[in-house]
């Protein structure tokens, strides 16, 4: 339900322009906002509590002026949020904690792991005993004193903060997973950030938040994972018993000559909704690698926004979406190259079965200042069913005149000749088709920097696991 009101009755504390003659107040969004703001801030230091509250209030004031997007908005044209609106979500920090994270554990990160349940830090499931000196892996409440003032320069400062879901997350901010890598520190151990949703009797919303700062000359590997901690068979058996909504935001700041390898895995329940934002800021000579794996949720969307803030920055984006049933998965990426000699490579692959629907919208912006840019973007899609749907829109916006840029998209099905060839080598038709599907996914899975995660996800994307 929505109510239209005159803009003259609404405050505008951030000076954000109101473009329409009438502003539609979104009652659903307002109720969602009020519920999220009802949660208390999990920060111990009074001065920081005051600052976080100011940040929350500013974001809330912005949210109140806007509505949830609809298919009339170009950026949401293929993703209908009406199914989300049909559910009344309540923010709740209460959850029954699992006794262990079991199959989520990564051998390589056994002592470098932060776990949050419904957005609340769970120290009993976390382990940070194996970290090198100087590296900070903590939640905001336990952040070392020396970093509490510095965090203000980064948290909630990234581009895209005025997207409605990002602002909603900030307005309900209670705690943050913080990874801070000091200058010139090369961290060999991967950092594992686990966000578990524990749905209750009523539909719940949780809003995880991450902040990663890699100071100049440093290097770190981050694995960010969203799940409800149930394997596929358990989740399927409990369909309809645990609807929840995860609205996550991650900010990554990469300073000069630093490198961040970032793997993001989304494997929520098939009844869940997931909206995620990754905002990346790269200084000159920095390198950022993202591997985004999307397997879960009834409706999911990942907004990935990268801003190159200096010369000779490198950005690599690998993505794999594999969905079935009536799932919808939307990936929107935007790479802003603002300086000369920037390099980007993007490969996003989708495997779509049954009546599932994937959306890919990738934008590369090359303004006049970004001379000698080298950018490549490709979206490849494999349809496994006549009812499966793909909407793809790779985009290049180039103003600079001395660049090397390319983009493209393909949509295909399994080739009968390839299946026939494998059957002629002794495989039955099912094994032949599965081998081809796994080979399609392997190009992305094999890019993951952690062996145990590669092994787990290889099993997860096998067609047998989807049945």
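Residue numbers (this note's numbering): 632 to 1098. Think of the CB as a built atom: it goes at the ideal place given N, C-alpha and C, for glycine as much as any other residue.
| message | Measuring only the C-alpha atoms, how far is residue 663 from residue 685? | response | Mapped onto the chain shown, residue 663 falls at position 32. Mapped onto the chain shown, residue 685 falls at position 54. Each residue's Cα considered, the two are about 19 Å apart.
| request: Determine contact between the region 787-805 and the region 814-822, defined as no fewer than three beta-carbon pairs at a distance below 8 Å. | output: no
| said: What does the Cβ neighbour count give for residue 859, buried or exposed, with the cut at 16 atoms within 10 Å? | reply: Position 228 of the chain shown, counting from 1, holds the residue named residue 859. By the neighbour-count rule (16 or more Cβ atoms within 10 Å), residue 859 is buried.
| query | Which class does residue 778 belong to by DSSP, given the choice of helix, strand or coil? | reply | Sequence index remark: in the chain shown, residue 778 carries index 147 (1-based). It is helical.
| task | In the DSSP assignment, find the unbroken alpha helix (DSSP H) run with residue 1081 in it and report its ends. | result | Taking the first residue of the chain shown as 1, we reach residue 1081 at position 450. Here residue 1081 belongs to no alpha helix (DSSP H), and DSSP marks it neither H nor E.
| said: Suppose you measure from the CA of residue 745 to the CA of residue 732; what does that come to, to the nearest Å? | reply: For the purposes of this step, residue 745 is taken as residue 114 along the chain shown, with counting starting at 1. For the purposes of this step, residue 732 is taken as residue 101 along the chain shown, with counting starting at 1. Distance between the alpha carbons of residue 745 and residue 732 is about 11 Å.
| Where residue 738 and residue 1027 are concerned, what is the direct C-alpha to C-alpha distance, given to the nearest angstrom? | Locating residue 738 in the chain shown gives position 107, counting from the first residue. Locating residue 1027 in the chain shown gives position 396, counting from the first residue. Spanning the two alpha carbons is a distance of roughly 40 Å.
| request: Classify residue 997 as buried or exposed, calling it buried when 16 or more other Cβ atoms lie within 10 Å of its own Cβ. | output: In the chain shown, the residue the question calls residue 997 occupies position 366. Residue 997 comes out buried.
| Continuous beta strand (DSSP E) assignments of at least 3 residues falling wholly in the region 1006-1074 | 1020-1029, 1035-1044
| field | Endpoints, the alpha helix (DSSP H) within which residue 801 is located | value | Translated into positions along the chain shown, residue 801 becomes position 170. Counting along the chain, the alpha helix (DSSP H) containing residue 801 begins and ends at 795-802.
| message | Excluding the 5 residues flanking residue 661 on each side, which residues of the same chain have their C-beta closer than 7 Å to its C-beta? | response | The sequence position of residue 661 within the chain shown is 30, counting from 1. The residues are 695.
| query | Cα-Cα, which of 893, 854, 927 is closest to residue 947? | reply | As a working mapping, residue 947 is identified with position 316 in the chain shown. Ranking the options by Cα distance to residue 947, first place goes to 893.
| field | Cα-Cα separation between residue 877 and residue 712, rounded to whole angstroms | value | In the chain shown, counting from the first residue as 1, residue 877 sits at position 246. In the chain shown, counting from the first residue as 1, residue 712 sits at position 81. Near 14 Å, if we compare the C-alpha coordinates of residue 712 and residue 877.
| message | Whole angstroms are fine: how far does the CA of residue 1044 sit from the CA of residue 1051? | response | Locating residue 1051 in the chain shown gives position 420, where the first residue counts as 1. Locating residue 1044 in the chain shown gives position 413, where the first residue counts as 1. So the alpha carbons of these two residues sit roughly 14 Å apart.
| query | By Cβ distance below 6 Å, which residues in the same chain neighbour residue 957 in space, the five residues on each side in sequence not counted? | reply | Position 326 of the chain shown, counted from the first residue, corresponds to residue 957. Excluding sequence neighbours, residue 957 sits near 986.
| Just curious, the beta strand (DSSP E) that residue 658 is in, first and last residue? | To locate residue 658, count along the chain shown from 1; it is residue 27. Taken as a continuous stretch (DSSP letters only), residue 658 belongs to no beta strand (DSSP E), being part of the alpha helix (DSSP H) at 658-668.
| query | Going by the CB atoms, is the gap between residue 883 and residue 631 shorter than 8 Å? | reply | An answer regarding residue 631 cannot be provided, because it is not within the stretch 632 to 1098 covered by the chain.
| Paired residues, beta bridge with residue 811 - DSSP | For this step, residue 811 is matched to residue 180 along the chain shown. The partner list for residue 811 (beta bridge, DSSP) reads 767, 844.
| Span of the beta strand (DSSP E), counted from its first residue to its last, around residue 961 | The count along the chain shown starts at 1 and reaches residue 961 at position 330. Here the beta strand (DSSP E) through residue 961 covers 959-968.
| How is residue 772 classed by DSSP in three states: helix, strand or coil? | Taking the first residue of the chain shown as 1, we reach residue 772 at position 141. Three-state DSSP puts residue 772 in a helix.
| query | To the nearest angstrom, how far is it from the Cα of residue 1042 to the Cα of residue 979? | reply | For the purposes of this step, residue 1042 is taken as the residue at position 411 of the chain shown. For the purposes of this step, residue 979 is taken as the residue at position 348 of the chain shown. Cα-Cα distance, rounded: 12 Å.
| message | Buried or exposed, going by whether 16 or more other CB atoms sit within 10 Å of the CB of residue 908? | response | As a first step, residue 908 is located in the chain shown; it is residue number 277 there, counting from the start. Residue 908 comes out buried.
| query | Would you report the Cα separation of residue 834 and residue 903, rounded to the nearest angstrom? | reply | One-based indexing of the chain shown puts residue 834 at position 203. One-based indexing of the chain shown puts residue 903 at position 272. Each residue's alpha carbon lies about 10 Å from the other.
| task | Can you have a look at residue 651 and say buried or exposed, based on whether 16 or more other CB atoms are within 10 angstroms of its CB? | result | Against the chain shown, residue 651 aligns to sequence position 20. At residue 651 the pLDDT is 44, less than 50, meaning the model places this residue with poor confidence and gives no usable figure here.
| message | Taking the beta carbon of residue 1185 as the centre, do at least 16 other beta carbons fall within 10 Å, making it buried, or is it exposed? | response | In the structure as shown, the chain starts at 632 and stops at 1098, and residue 1185 therefore has no counterpart that could be examined.
| field | Option in 658, 914, 848, 990 with minimal Cα separation from residue 708 | value | Against the chain shown, residue 708 aligns to sequence position 77. Taking only the C-alpha atoms, the option nearest residue 708 is 990.
| said: Considering only the alpha carbon of each residue, which of 879, 941, 683 lies closest to residue 800? | reply: In the chain shown, residue 800 corresponds to position 169, counting from 1. It is 879 whose Cα lies nearest to the Cα of residue 800.
| field | Endpoints, the alpha helix (DSSP H) within which residue 714 is located | value | Position 83 of the chain shown, counted from the start, is the residue given in the question as residue 714. Counting along the chain, the alpha helix (DSSP H) containing residue 714 begins and ends at 713-716.
| Would you report the Cα separation of residue 698 and residue 1056, rounded to the nearest angstrom? | Position 67 of the chain shown, counted from the first residue, corresponds to residue 698. Position 425 of the chain shown, counted from the first residue, corresponds to residue 1056. In a straight line, the C-alpha of residue 698 is about 57 Å away from that of residue 1056.
| Grouping DSSP H, G and I as helix and E and B as strand, with all else coil, what is residue 937? | The count along the chain shown starts at 1 and reaches residue 937 at position 306. Note: residue 937 maps to strand in three-state DSSP.
| query | Taking the alpha carbon of residue 1063 as the point to measure from, which residue in 1054, 1070, 1071 has its own alpha carbon closest? | reply | Along the chain shown, one-based indexing puts residue 1063 at 432. Measuring from the Cα of residue 1063, the nearest candidate turns out to be 1054.
| query | At what residue ranges does the region 877-951 contain a whole run of the alpha helix (DSSP H), taking only runs of 4 or more? | reply | none
| said: Can you look up residue 822 in the DSSP assignment and give me helix, strand or coil? | reply: As a working note, residue 822 is residue 191 in the chain shown. DSSP places residue 822 in strand when its eight states are reduced to three.
| request: Using the Cα positions of residue 775 and residue 678, report the straight-line distance between them to the nearest angstrom. | output: The sequence position of residue 775 within the chain shown is 144, counting from 1. The sequence position of residue 678 within the chain shown is 47, counting from 1. Roughly 14 Å between the two C-alpha positions.
| request: Tell me, please, which residues DSSP counts as bridged to residue 994. | output: Locating residue 994 in the chain shown gives position 363, where the first residue counts as 1. Residue 994 pairs with 965, 1026.
| query | Given that a residue counts as buried once 16 or more other Cβ atoms are within 10 Å of its Cβ, and exposed if not, what is residue 702? | reply | If you number the chain shown from 1, residue 702 lands on position 71. By the neighbour-count rule (16 or more Cβ atoms within 10 Å), residue 702 is not buried but exposed.
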